[in-house]
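Engineer:
Residue numbers (the UniProt record's numbering), protein chains in the order written: chain A, 1 to 320; chain B, 1 to 320.
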């Protein structure tokens with residue numbers, strides 16, 4: 001079983017409008033709701049890849065109920081197991097306003113509600129549940145932002161608990177929670193170039209990845225958008241690029257990278273094979289009709305076409 | 001008891017953001033939720049004026065549950081009674097994005113979800129409930145848009161049922177539902193200038209009001225924004241103006257006019273007294289801190305200061 005943690009789960013709501021006009025009234029043509037928050041997205045992709053998957057974190061209020069209801073509807077090919085801890089607060093919504101006049105992915109305006117206030121007792125309860133779930137986990141992903149009330153060093157605690165339990169841990173967050181999580185030595189961190197720059201101060205991805213690795217991550221997989229991935233691992237360094245630049249909606253591409261890394265890790269794949277899977281899956285996510293889904297045909301087609309290039313120390317330094 | 005009907009109830013959500021930037025991601029600083037839809041707003045104002053009030057219409061899904069939960073929290077000075085009929089669909093949300101950089105009321109961008117699909121069986125069920133509730137009602141207000149599935153002639157049916165039951169009926173809607181409702185001869189319709197123009201083709205309010213009256217309304221009370229009200233009634237015609245133009249948020253001012261007209265009708269006030277109450281209450285709503293609430297001190301202060309001018313036929317024709 002693969003476990004994903006989403007402390008700040010969300011109900012993702014998408015509105016389609018002909019065009020967004022500030023300070024005007026809009027008739028929404030179509031409303032779509034999905035379970036949201038990075039860890040839930042990762043879990044859906046894992047389930048689609050055929051892995052037994054369990055989600056934990058917090059859910060509460062009517063939006064939390066709706067998230068859990070939508071999770072039970074994920075059944076192709078397997079369901080996502082619900083081990084969310086109930087909070088007295090209300091799960092946040094994210095509202096994404098998509099303009100029909102724009103191209104795919106163009107013109108989305110996002111409104112992110114703050115998360116529910118988590119009480120110290122709820123956090124303790126979560127730590128208990130997390131410890132129990134780790135006993136049956138082959139790998140765990142810690143994903144996204146922290147809701148109010150959760151200690152900023154939360155990911156440090158969760159990384160240490162996983163490592164003590166012998167469960168490989170992938171961390172995908174940013175800012176201070178990432179900085180604090182790094183120090184606890186996670187197996188993998190997956191920042192994008194901007195997040196890497198945010199915690200290291202370096203805008204040169206390879207240099208920034210090296211700094212992040214020095215701060216504690218065993219492996220750093222940096223997503224460089226349409227340019228693919230850059231990975232520094234205990235087995236070597238690689239650049240991985242899709243065969244062509246994909247036009248589409250990048251929402252969820254990063255979550256697909258995390259899902260592929262976990263999936264490859266659980267199956268015992270080599271680092272290059274995990275990175276190929278991650279790159280093909282991210283590109284297939286960009287190409288999908290619905291944000292956060294992936295196009296299986298594109299994924300299958302890209303798998304043999306992704307280029308992996310081992311970076312030697314000297315050559316690697318020339319990158320960027 | 002005063003009954004208000006909201007066929008397309010809503011959960012009104014307000015987001016505060018520093019500034020709305022199309023195609024950017026916004027961290028919402030504050031989220032507020034209120035029961036919404038014109039009839040629910042009217043009921044809250046009636047309850048605040050001390051009237052026993054009951055709401056009906058449709059509510060369903062997690063948002064419908066939330067609307068009902070919020071209604072139970074209205075207790076000052078009396079509660080609003082919940083006689084909403086449960087639908088299998090989900091009550092719509094309206095999302096109002098307010099920019100903190102703007103002045104009060106400035107800078108609100110609205111997103112209105114479509115309502116739930118009402119089945120023929122649900123509509124029949126509502127008609128039964130409505131008929132039963134009318135037996136105990138002193139007056140009834142029919143407010144707002146129609147959700148999908150409800151016949152476009154719905155308000156015609158509801159007006160006829162109320163008149164047969166001998167219950168005075170106020171209609172506040174627009175477009176084709178208003179046109180069809182008018183033909184059933186409601187006691188009062190309360191369009192604004194734009195809605196009047198929409199159904200009559202005349203942009204001159206007095207002329208348009210006369211046309212609306214000819215089409216079936218016993219009385220037409222047209223709201224002219226900061227200029228007050230224009231009323232054509234069986235007892236005469238009046239122009240009513242607040243003592244000064246009010247700066248503030250006009251959201252809910254029209255609902256306060258409906259509440260005041262119902263309240264005055266239930267108390268047996270004369271037409272001029274009802275119109276004074278409506279004008280003072282609308283102005284006090286514009287001045288309130290929270291959209292849709294009213295400022296009681298402003299209301300009390302304005303009541304004796306509102307100007308009512310009887311319009312003679314000839315003089316009336318010169319207006320506009």
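Note that beta-carbon positions come from the ideal geometry of N, C-alpha and C, so glycine has one too.
Pairs of beta-carbons, one from the stretch 19-34 of chain A and one from the stretch 47-60 of chain A, closer than 8 Å: are there three or more?
Structural biologist: In short, these stretches do not touch, since the Cβ pair count stays below three.
Engineer: Identify whether residue 63(A) lies in helix, strand or coil by the three-state DSSP scheme.
Structural biologist: The answer is helix: DSSP assigns residue 63(A) an H, G or I state.
Engineer: What span of residues does the beta strand (DSSP E) with residue 41(A) cover, start to end?
Structural biologist: Counting along the chain, residue 41(A) falls outside any beta strand (DSSP E), though it belongs to the alpha helix (DSSP H) covering 38-48.
Engineer: Ordered along the chain, which non-local residues of its own chain (more than five positions away) have a Cβ less than 8 Å from that of residue 78(A)?
Structural biologist: For residue 78(A), where only same-chain residues beyond five positions count, the Cβ hits under 8 Å are 47, 50, 51, 52, 53.
Engineer: Of all the CB atoms in chain B, is at least one closer than 8 Å to the CB of residue 68(A)?
Structural biologist: No - not a single Cβ of chain B is within 8 Å of the one on residue 68(A).
Engineer: So residue 87(A) and residue 20(A) are in contact, right, with Cβ under 8 Å, and what is the actual spacing, rounded?
Structural biologist: Contact doesn't hold; Cβ gap of about 32 Å is too wide.
Engineer: Which two residues bound the contiguous beta strand (DSSP E) that contains residue 94(A)?
Structural biologist: Residue 94(A) -> beta strand (DSSP E) spans 92-99.
Engineer: Checking 8 Å against the spacing of the C-beta atoms, do residue 7(B) and residue 154(B) come in under that value?
Structural biologist: Yes, the Cβ-Cβ distance between residue 7(B) and residue 154(B) is below 8 Å.
Engineer: Look at the alpha carbon of residue 124(B) and the alpha carbon of residue 84(A), and state the distance between them as a whole number of angstroms.
Structural biologist: Taking the straight line from one Cα to the other gives about 40 Å.
Engineer: What number of angstroms, rounded off, separates the C-alpha of residue 13(B) from the C-alpha of residue 67(B)?
Structural biologist: One C-alpha to the other measures close to 11 Å.
Engineer: Check whether the stretch 245-254 of chain B touches the stretch 266-280 of chain B, counting contact only when three or more Cβ pairs, one atom from each stretch, lie closer than 8 Å.
Structural biologist: Touching, no.
Engineer: So, do the stretch 202-211 of chain B and the stretch 271-283 of chain B have three or more beta carbon pairs nearer to each other than 8 Å?
Structural biologist: Taking 8 Å as the limit for Cβ pairs, the verdict is that the stretch 271-283 of chain B does not touch the stretch 202-211 of chain B.
Engineer: What residues in its chain sit with their C-beta under 6 Å from that of residue 285(B), if we drop five residues either side in the sequence?
Structural biologist: Result list for residue 285(B): 252, 253, 256, 294, in chain order.
Engineer: Rounded to whole angstroms, what's the CA-CA distance from residue 105(A) to residue 288(A)? Just pull it up for me.
Structural biologist: With a pLDDT of 47 at residue 105(A), under the threshold of 50, the modelled position of that residue is not reliable, and no figure is offered here.
Engineer: DSSP puts residue 214(A) in a beta bridge; with which residues?
Structural biologist: Bridge partners of residue 214(A): none, in fact.
Engineer: Confirm the yes/no value for this check: CB of residue 68(B), any heavy atom of the ligand NAP, distance under 7 Å.
Structural biologist: The ligand NAP is absent from the structure shown, which contains no ligand whatsoever.
Engineer: Could you give the first and the last residue of the continuous beta strand (DSSP E) run that contains residue 236(B)?
Structural biologist: Looking at the DSSP string, the run of the beta strand (DSSP E) that includes residue 236(B) is 236-241.
Engineer: Using a threshold of 8 Å, state whether the C-beta atoms of residue 184(A) and residue 160(A) are closer than that.
Structural biologist: Contact flag set, yes.
Engineer: Which of the three DSSP states is assigned to residue 164(B) in this structure?
Structural biologist: Three-state DSSP puts residue 164(B) in a helix.
Engineer: Would you mind giving the Cβ-Cβ distance between residue 70(A) and residue 33(A), rounded to the nearest angstrom? I have them listed as a contact below 8 Å.
Structural biologist: Contact flag correct, Cβ pair sits at about 6 Å.
Engineer: Assign residue 307(A) to one of three DSSP states: helix, strand, or coil.
Structural biologist: In this structure, residue 307(A) counts as strand in the three-state DSSP scheme.
Engineer: Comparing C-alpha positions only, which one of 298(B), 170(B), 224(B), 175(B) sits nearest to residue 261(B)?
Structural biologist: It is 170(B) whose Cα lies nearest to the Cα of residue 261(B).
Engineer: Would you tell me roughly how many angstroms separate the C-alpha atoms of residue 152(A) and residue 23(B), rounded to the nearest one?
Structural biologist: Residue 152(A) and residue 23(B): Cα-Cα distance of roughly 29 Å.
Engineer: Is the separation between the beta-carbon of residue 64(B) and that of residue 91(B) shorter than 8 Å?
Structural biologist: Yes. Within cutoff.
Engineer: Would a C-beta distance cut-off of 8 Å place residue 298(A) and residue 243(A) closer than the cut-off?
Structural biologist: The answer is no: Cβ separation not under 8 Å.
Engineer: By a C-beta neighbour count over all protein chains shown, 10 Å radius and 16 as the cutoff for buried, is residue 156(A) buried or exposed?
Structural biologist: It is buried - the Cβ of residue 156(A) has at least 16 other Cβ atoms within 10 Å.
Engineer: By the three-class DSSP mapping on this structure, what secondary structure does residue 51(A) have?
Structural biologist: Three-state DSSP puts residue 51(A) in coil, outside helix and strand.
Engineer: Considering only DSSP beta bridges, list what residue 86(A) is partnered with.
Structural biologist: Bridge partners of residue 86(A): 59(A).
Engineer: So residue 17(B) and residue 97(B) are supposed to be a Cβ contact under 8 Å. How far apart are they, rounded?
Structural biologist: About 6 Å separates the two Cβ atoms, so the contact holds.
Engineer: Does the beta carbon of residue 3(A) come closer than 8 Å to any beta carbon on chain B?
Structural biologist: No - not a single Cβ of chain B is within 8 Å of the one on residue 3(A).
Engineer: Check whether the Cβ atoms of residue 224(B) and residue 193(B) sit closer than 8 Å, and answer yes or no.
Structural biologist: Closer than 8 Å, so yes.
Engineer: Counting contacts by CB-CB distance shorter than 8 Å, is residue 105(B) in contact with chain A?
Structural biologist: Confidence at residue 105(B) is low in this model, with a pLDDT of 47, below 50, so the placement of that residue should be treated as unreliable; the coordinate-derived value is given next. Output row for residue 105(B): interface = no.
Engineer: Exposed or buried, residue 113(B), counting other C-beta atoms within 10 Å across all chains shown (16 or more means buried)?
Structural biologist: Buried.
Engineer: Give the single residue among 150(B), 196(B), 129(B) whose Cα lies nearest to the Cα of residue 120(B).
Structural biologist: The shortest C-alpha separation from residue 120(B) is found at 150(B).
Engineer: From residue 181(B) to residue 73(B), what distance separates their C-alpha atoms?
Structural biologist: Near 32 Å, if we compare the C-alpha coordinates of residue 73(B) and residue 181(B).
Engineer: Would a check of beta-carbon distances place residue 28(B) closer than 8 Å to chain A?
Structural biologist: Answer yes: the Cβ-Cβ gap between residue 28(B) and chain A drops below 8 Å somewhere.
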